[in-house]
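> First residue of the sequence shown? That's 1 in full-length UniProt numbering, and the numbers climb one at a time after it.
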Amino acid sequence: MPCQSRPLNRPLTSPLLSFLSSSPLTSIPIPIPILIHQPATRKPPSYAPALTSPTPHPHPLVTPLVTANNPTPGFDPVIRPRAHEAIPAGSLFTIVWDTPAAYAAGSLAISLIGGDRQDAQETIANLTEAVPNAVGRYTWSVSPTLGNKRVYGLVLRWSKDTSVFQYSNPFHIMPVKSTTTTTTTAATNSSRVPERTPVAVAMSSTKSSPVPARHTSDSSPSVIVGQKMLALLVVMVVIIVGV
1 MPCQSRPLNR PLTSPLLSFL SSSPLTSIPI PIPILIHQPA TRKPPSYAPA
51 LTSPTPHPHP LVTPLVTANN PTPGFDPVIR PRAHEAIPAG SLFTIVWDTP
101 AAYAAGSLAI SLIGGDRQDA QETIANLTEA VPNAVGRYTW SVSPTLGNKR
151 VYGLVLRWSK DTSVFQYSNP FHIMPVKSTT TTTTTAATNS SRVPERTPVA
201 VAMSSTKSSP VPARHTSDSS PSVIVGQKML ALLVVMVVII VGV
């Protein structure tokens with residue numbers, strides 16, 4: 001049986017559509033919401049401050065003495081003086097450093113720096129200008145006038161390239177102790193009456209001991225006999241001569 005097609009111009013009817021068409025509600029306007037696209041307001045992204053890593057120390061054993069310039073990595077690490085070593089003023093001290101093979105040629109200039117703070121040191125004196133770098137040591141005659149700074153340091157600079165340098169460990173210089181002595185002089189007071197010192201006087205006794213009589217040479221019997229013999233001899237000589 002062939003299918004019969006429904007004409008397209010025939011209105012579709014249903015009980016629901018009939019009710020809606022006859023209902024008074026259809027005359028009430030129904031508001032249709034209109035959607036307006038508004039761009040969402042975005043907050044500006046908050047950028048967290050980047051964490052800066054601390055500047056690495058140029059030398060594994062020492063904090064840089066002067067922060068304005070960084071020393072050359074690997075150049076002449078200083079062995080002596082040690083960190084915070086006390087060096088007596090007026091003594092002889094041997095500076096010791098390790099010389100890498102890349103910097104063995106050429107000479108070395110060593111200067112002394114110092115100050116009240118480690119990050120505010122200034123050049124005090126030039127110790128040497130031409131010590132061979134390969135030697136690795138230098139005997140320093142410490143001046144007896146040093147010791148008035150809180151911290152000291154050394155700067156080792158390569159002669160072939162003055163931009164190549166190294167700092168030493170921070171150290172201290174013990175000042176020379178003063179040996180002057182003060183003499184205290186007592187002032188004399190002229191108004192003070194000197195004290196009298198009692199003197200013991202030995203009193204002699206009133207009775208005198210008898211002094212024994214001493215014989216003189218004239219009263220000696222032997223002298224009297226000799227004088228008589230002499231007189232007799234003279235008389236005999238006169239008699240003989242007269243005869």
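Glycine included, C-beta positions come from ideal geometry on N, C-alpha and C.
Measure the beta-carbon distance from M174 to I87 and round it to whole angstroms, keeping in mind my assumption that it falls under 8 Å.
Along the sequence shown, one-based indexing puts residue 174 at 174. Along the sequence shown, one-based indexing puts residue 87 at 87. Correct: roughly 7 Å between the Cβ atoms.
> Quick one: using the 10 Å Cβ neighbour count with 16 as the cut-off for buried, is D161 buried or exposed?
Locating residue 161 in the sequence shown gives position 161, counting from the first residue. Answer is exposed; the Cβ neighbour count stays below 16.
> Using a threshold of 9 Å, state whether the C-beta atoms of V96 and R137 are closer than that.
The residue you call residue 96 lines up with position 96 of the sequence shown. The residue you call residue 137 lines up with position 137 of the sequence shown. Result yes, Cβ atoms of V96 and R137 sit closer than 9 Å.
> For the beta strand (DSSP E) containing N126, name the first residue and the last one.
Numbered from 1 along the sequence shown, position 126 holds the residue referred to as residue 126. 122 to 132 is the extent of the beta strand (DSSP E) around N126.
> In chain order, what residues of the same chain have a beta carbon less than 7 Å from the beta carbon of K149, not counting five sequence neighbours either side?
Stepping through the sequence shown from its first residue, residue 149 is reached at position 149. G114, G115, D116.
> Once you ignore the five residues that flank E122 on each side, which residues in its own chain have a CB closer than 8 Å to its CB?
Numbered from its first residue, the sequence shown carries residue 122 at position 122. Hits under 8 Å: I113, G114, G115.
> What separation, rounded to the nearest whole angstrom, lies between the Cα atoms of H172 and D76?
Counted from its first residue, the sequence shown places residue 172 at position 172. Counted from its first residue, the sequence shown places residue 76 at position 76. Each residue's alpha carbon lies about 21 Å from the other.
> Looking at the strands, I want to know which residues DSSP matches up with F75.
Here residue 75 corresponds to residue number 75 of the sequence shown, with the count starting at 1. F75 pairs with nothing; no bridge assigned.
> Under 9 Å between the Cβ atoms of S91 and V151?
Here residue 91 corresponds to residue number 91 of the sequence shown, with the count starting at 1. Here residue 151 corresponds to residue number 151 of the sequence shown, with the count starting at 1. Cβ atoms of S91 and V151: not closer than 9 Å.
> Rounded to the nearest angstrom, how far is the Cβ of P132 from that of S107, given a contact under 8 Å?
As a first step, residue 132 is located in the sequence shown; it is residue number 132 there, counting from the start. As a first step, residue 107 is located in the sequence shown; it is residue number 107 there, counting from the start. Contact flag correct, Cβ pair sits at about 6 Å.
> Is the Cβ-Cβ distance between F165 and P73 less than 9 Å?
Position 165 of the sequence shown, counting from 1, holds the residue named residue 165. Position 73 of the sequence shown, counting from 1, holds the residue named residue 73. Not in contact: F165 and P73 (Cβ atoms no closer than 9 Å).
> Which residue comes first and which comes last in the beta strand (DSSP E) that contains A86?
Translated into positions along the sequence shown, residue 86 becomes position 86. Its beta strand (DSSP E) spans residues 86 to 88.
> Using only the alpha-carbon positions, how far apart do V62 and A83 sit?
Here residue 62 corresponds to residue number 62 of the sequence shown, with the count starting at 1. Here residue 83 corresponds to residue number 83 of the sequence shown, with the count starting at 1. For V62, the predicted model reports a pLDDT of 42, less than 50, meaning its position is unreliable and no value from the coordinates is stated.
> Measuring straight from C-alpha to C-alpha, what distance separates P100 and S159?
If you number the sequence shown from 1, residue 100 lands on position 100. If you number the sequence shown from 1, residue 159 lands on position 159. Those two C-alpha atoms are separated by around 15 Å.
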